[in-house]
Amino acid sequence: MSSAIASNTIKVASNSLAPPPTVDFDFDNNTCSGQSVSFISIVTGDGGFEYTWDFGDGSTSTQQNPNHTFQALGCGTQNFNVTLTVTDINGLSGTDTQTVTIRERPDISFVDTNPGVAGDFNNCGNSDLSDEFFIELDNESTSLACIGTYNINWGDGDSQSNVSFPISHNYIGFGTYNMQITAIGDNGCTNTITYSVKNASNPSGGLATPGDTLNLCAPTEDIQFVISTWGENTSDTTYEVDYGDGTTVLYSQIELEASIYYNASNPSASIPFPIQPHSYTETSCPDEFVARLWIRNACAPDPNPATVPNIRIIISPDANFTAPETSCVNTATQFINITEPGFGFNCSSDVDFIWDFGDGSAPYETSTYENVNHTYTSSGTYTVTLIADNNICDVTEYSQTICIEGPLNPTFTTNNNEGCVPYNTVLNNTTNLMDQCDIPTYEWVINYTASFCGTSRGANFINGTDSNSVNPEIDFTNPGTYELVLQATNLCGTTSSLPQEIIVKSPPQVTINGIDDFCETASIITPSATVDNCGPNNATYIWSINVGTSPTDWEFINGTDENSPLPEISFYTPNTYFLNLEVTNSCGSNTDNEEFIFSPVPSITNVVFEQIICSGTSTEEIIFESSYPNSSYDWSGSSPSGNISGIILTGTTDNIPSHILTLNSGTSGTVVYSVTPFLVDSCPGDPFQFTITINEGPSIATQPVGSAYCIDGSADVLTFTLNGNSTGTINYQWYYNTDGNTDPIDPNTEAVPSPEGEQADYQPPTDTLGTFYYFCIISFSGSGSCSEIATIPVAITVTPNVVISNEEPLTQIICAGADAGELSFTTNSGGAGVITLNWFLSDDNVIDGTDTQVGTTNTYDTFGFRYTSRHKRNNF
Numbered sequence: 004m005s006s007a008i009a010s011n012t013i014k015v016a017s018n019s020l021a022p023p024p025t026v027d028f029d030f031d032n033n034t035c036s037g038q039s040v041s042f043i044s045i046v047t048g049d050g051g052f053e054y055t056w057d058f059g060d061g062s063t064s065t066q067q068n069p070n071h072t073f074q075a076l077g078c079g080t081q082n083f084n085v086t087l088t089v090t091d092i093n094g095l096s097g098t099d100t101q102t103v104t105i106r107e108r109p110d111i112s113f114v115d116t117n118p119g120v121a122g123d124f125n126n127c128g129n130s131d132l133s134d135e136f137f138i139e140l141d142n143e144s145t146s147l148a149c150i151g152t153y154n155i156n157w158g159d160g161d162s163q164s165n166v167s168f169p170i171s172h173n174y175i176g177f178g179t180y181n182m183q184i185t186a187i188g189d190n191g192c193t194n195t196i197t198y199s200v201k202n203a204s205n206p207s208g209g210l211a212t213p214g215d216t217l218n219l220c221a222p223t224e225d226i227q228f229v230i231s232t233w234g235e236n237t238s239d240t241t242y243e244v245d246y247g248d249g250t251t252v253l254y255s256q257i258e259l260e261a262s263i264y265y266n267a268s269n270p271s272a273s274i275p276f277p278i279q280p281h282s283y284t285e286t287s288c289p290d291e292f293v294a295r296l297w298i299r300n301a302c303a304p305d306p307n308p309a310t311v312p313n314i315r316i317i318i319s320p321d322a323n324f325t326a327p328e329t330s331c332v333n334t335a336t337q338f339i340n341i342t343e344p345g346f347g348f349n350c351s352s353d354v355d356f357i358w359d360f361g362d363g364s365a366p367y368e369t370s371t372y373e374n375v376n377h378t379y380t381s382s383g384t385y386t387v388t389l390i391a392d393n394n395i396c397d398v399t400e401y402s403q404t405i406c407i408e409g410p411l412n413p414t415f416t417t418n419n420n421e422g423c424v425p426y427n428t429v430l431n432n433t434t435n436l437m438d439q440c441d442i443p444t445y446e447w448v449i450n451y452t453a454s455f456c457g458t459s460r461g462a463n464f465i466n467g468t469d470s471n472s473v474n475p476e477i478d479f480t481n482p483g484t485y486e487l488v489l490q491a492t493n494l495c496g497t498t499s500s501l502p503q504e505i506i507v508k509s510p511p512q513v514t515i516n517g518i519d520d521f522c523e524t525a526s527i528i529t530p531s532a533t534v535d536n537c538g539p540n541n542a543t544y545i546w547s548i549n550v551g552t553s554p555t556d557w558e559f560i561n562g563t564d565e566n567s568p569l570p571e572i573s574f575y576t577p578n579t580y581f582l583n584l585e586v587t588n589s590c591g592s593n594t595d596n597e598e599f600i601f602s603p604v605p606s607i608t609n610v611v612f613e614q615i616i617c618s619g620t621s622t623e624e625i626i627f628e629s630s631y632p633n634s635s636y637d638w639s640g641s642s643p644s645g646n647i648s649g650i651i652l653t654g655t656t657d658n659i660p661s662h663i664l665t666l667n668s669g670t671s672g673t674v675v676y677s678v679t680p681f682l683v684d685s686c687p688g689d690p691f692q693f694t695i696t697i698n699e700g701p702s703i704a705t706q707p708v709g710s711a712y713c714i715d716g717s718a719d720v721l722t723f724t725l726n727g728n729s730t731g732t733i734n735y736q737w738y739y740n741t742d743g744n745t746d747p748i749d750p751n752t753e754a755v756p757s758p759e760g761e762q763a764d765y766q767p768p769t770d771t772l773g774t775f776y777y778f779c780i781i782s783f784s785g786s787g788s789c790s791e792i793a794t795i796p797v798a799i800t801v802t803p804n805v806v807i808s809n810e811e812p813l814t815q816i817i818c819a820g821a822d823a824g825e826l827s828f829t830t831n832s833g834g835a836g837v838i839t840l841n842w843f844l845s846d847d848n849v850i851d852g853t854d855t856q857v858g859t860t861n862t863y864d865t866f867g868f869r870y871t872s873r874h875k876r877n878n879f
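What follows is the structure in structure tokens.
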């Protein structure tokens, strides 16, 4: 063992107190390329090591002691830096790198100096003339200087040692031979190269069947195919058979020659070889299967196949249908034919069907795939059978049972038919379910008629039952007359029982008739009520008021009292009152109450009730002031001038919030907000109006437009137009900056000097490269004017001019009839817009109207004339 250059590094990958592993390794040095080198790791430290080897040639390993083969060709040595990294159980790593020296194997290569018509070492094209193949071999190795000995194994049983080149050899007999040439270098390393020598003929053969392969029913009996004319093929010949249905089988010439069908003394007289018999299980229709045989050897790696057509496989139909599992008597039931058709004679799709419905009726015969209907007249379970026959292959059939049921006759009883609300009853379902296929579904229908003071239905299913329960329980919560009906549903439809009536009574119903609110003065009311007795006995009355005291705040008058059906009551103190009435009968009591307000009338006390604003600006908030702080308000807005938008149409708050009003036409308009205060709805105060005048504001109709220009070019004038109120003196000031803001006091913004900067239109300069943003502030002075406005910032970009360079050639002298060289030039990226190029043909140095335009690209092929080029970029 020996080692060369070595280095050791430690990688700390954990906070563990243990040291990282110590890494070293041994190996076999100075071995030959192509020989295995053994590496033995030498590691100390905490166990559980993980090994990572990098052999320096792109190969790696995770074994503890791996073997590796290095590849190096030539006459010297090559060095490979091999690194071993070991990680212990603590996650700590150690690394060792050493240089491995490998002796190079000779780099060898040889050529056939007498190749066959098919190329080096290939006599496929001449093999029909003779079974001999003579080759001449010469040495083209790059390592000639360091090779001492050559040995050859010709692959035909003949070998030669210590040969020199060129050398020849004659192959006798058809076949493919593996010629191996071994070179032994002066350093003791060897290298072997193998060439395939082909002395063969194109293979022959065919594929045949016993015949009668048309209209065979799947699955077929085994069909025997044979391979013919195969005896003289070379030993490397293979036979691949595809039966046409995706099934393949493979044979070799060696297998065929080992069979009893081979005639060794006269191969051409060999008997056709029977291949594996094949049964077709799927139909070929609407087409036919074609069996194929590919015969391959070294001279025919990709031949055209031999074929056996006209293999037509047909198949029985697969009888099948779908139908409901249950149906109703005297109802047409549909049976859907989903038979897989199969294929009959010559792939015909004709099929005969027989339907047997299992109820003693005559079978139904048809030759179409129609869906059929059948009506059963009696309930019961029947077996339906469909038979399918294509009159050549086997008959198939499919059966399915169907249950037929009749309509239902629902009936029920109840344990209680009358009572005071609330009360419940149990319903007993007595429906006869004989001859039913499935359990029916039920729906209990409750119809309601208002009576006994009831106005709406109040019936609920209880104790876990619902309207679909077999025997539900019902709790009646509202009085009235209830009609119960049981509906039963099966496949034959829904039928209803005879209705049964339930009487539900209740305590009396009382409703106090509405009482209007009072405003500011004492008032006498005569309350009344609408009372339904809802029971067998006369009702009694009790009136009461739960606010204030009698007689200070109110009192019964004119001989009436709390038990009077129509009492008279006088009120003296403003307040919110609740009047109650309790009415009682034999089923119980019921009460009602009525609320009314007796209060003063508020009024608006605001002293500022007018505003003047500019169109598109916000109003000031209007906060209502009332003679009574707890007042409520109803307010609405409108425009008498009809030309204002942004109006808040209605509101009930104690203020009109700030909002934007816009003048849609004309120069001025008004908005009026009408406010009504109230403490109660029935006692509103007088309406009060707030008026807002809106004047037209200025706006910019069209904005200036920026562009790009060449330096010192003529820029377009920046212009804009105004809409709206221009009353007063209009003042203009243009500004510019480099970041596109519109703030005139921004440190980056500068005002354009007077007089150009204070005019409506402005032509920007183009004497400085770069992009500058220009905008104008428009202000208005004088009575009734609005705020100043600004245009958008627009970019003016100034770019360098286009420069032409590298014109070549400037001058050419050529002979008559010769072609001139191509003319070309380059341009920089200056200018603005799109570059256009125009070449002109001229007999002088002046481009004028007599010259002819001949090209529009950067280069041009000439033919002995003088050319000039005009170059421009749009928007200089």
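Just so we're aligned, residue 4 is where the sequence shown starts under the numbering used here, counting upward by one. Where a beta carbon is used, it is the ideal one built from N, C-alpha and C, also for glycine.
Contacts around residue i, its chain only, beta-carbon distance under 6 Å, and the 5 residues preceding and following it disregarded
i, result
"N393", "P320, G345, G347 and V354"
"T696", "I615 and T673"
"A21", "D49 and N93"
"T416", "N431"
"N156", "S162 and Q183"
"N740", "N751, T752 and Y776"
Same chain only: Cβ atoms within 7 Å of residue i, ignoring 5 sequence neighbours per side
i, result
"S402", "T386, V387 and T388"
"V375", "F338, W358 and Y367"
"T722", "P707 and D764"
"S547", "E565 and N583"
"V782", "Checking the sequence, you will find Ser at residue 782 rather than Val. Cβ within range, chain order: N734 and E791."
"Y265", "G234, L259 and S273"
Bounding residues of the beta strand (DSSP E) (the contiguous stretch that carries residue i)
i, result
"E929", "Because the chain is modelled from 4 through 879, residue 929 falls outside the range shown and cannot be assessed."
"I560", "W557 to I560"
"I964", "The first residue shown for the chain is 4 and the last is 879, placing residue 964 beyond what the model contains."
CB contact flag (residue i, residue j, <8 Å)
i, j, result
"L87", "F30", "no"
"N313", "E285", "no"
"V550", "A532", "no"
"P169", "I298", "no"
"E107", "L76", "yes"
"I405", "S330", "yes"
"A186", "N300", "no"
"C35", "G158", "no"
"D91", "F52", "yes"
CA-to-CA distance, residue j to residue i, given in whole angstroms
i, j, result
"C590", "G457", "14 Å"
"L501", "T414", "7 Å"
"P812", "N841", "17 Å"
"S880", "L682", "Past the boundaries of the shown model lies residue 880; the chain is included only from 4 to 879, so the question cannot be answered."
"I560", "I545", "16 Å"
"T563", "N596", "19 Å"
"N698", "E623", "15 Å"
"E504", "E598", "40 Å"
"P570", "I651", "47 Å"
Chain C within 8 Å of residue i, Cβ atoms only
i, result
"Y636", "This model lacks chain C altogether; it includes just one protein chain."
Range covered by the alpha helix (DSSP H) that runs through residue i
i, result
"L430", "L430 -> not in any alpha helix (DSSP H); beta strand (DSSP E) instead, spanning Y426 to N432."
"Q38", "Where Q38 is concerned, there is no enclosing alpha helix (DSSP H), given that its DSSP letter is neither H nor E."
Burial state of residue i (16 or more Cβ within 10 Å)
i, result
"C818", "exposed"
"V26", "buried"
"P707", "buried"
"P577", "buried"
"V244", "buried"
"A2", "Nothing can be reported for residue 2, as the shown portion of the chain is limited to 4 through 879."
"E343", "exposed"
Check: residue i C-beta below 7 Å from any heavy atom of the ligand MG
i, result
"I781", "The ligand MG is not part of this structure, which contains no ligands at all."
Residues near residue i by beta carbon distance below 8 Å, same chain, minus five either side
i, result
"D397", "C220 and S319"
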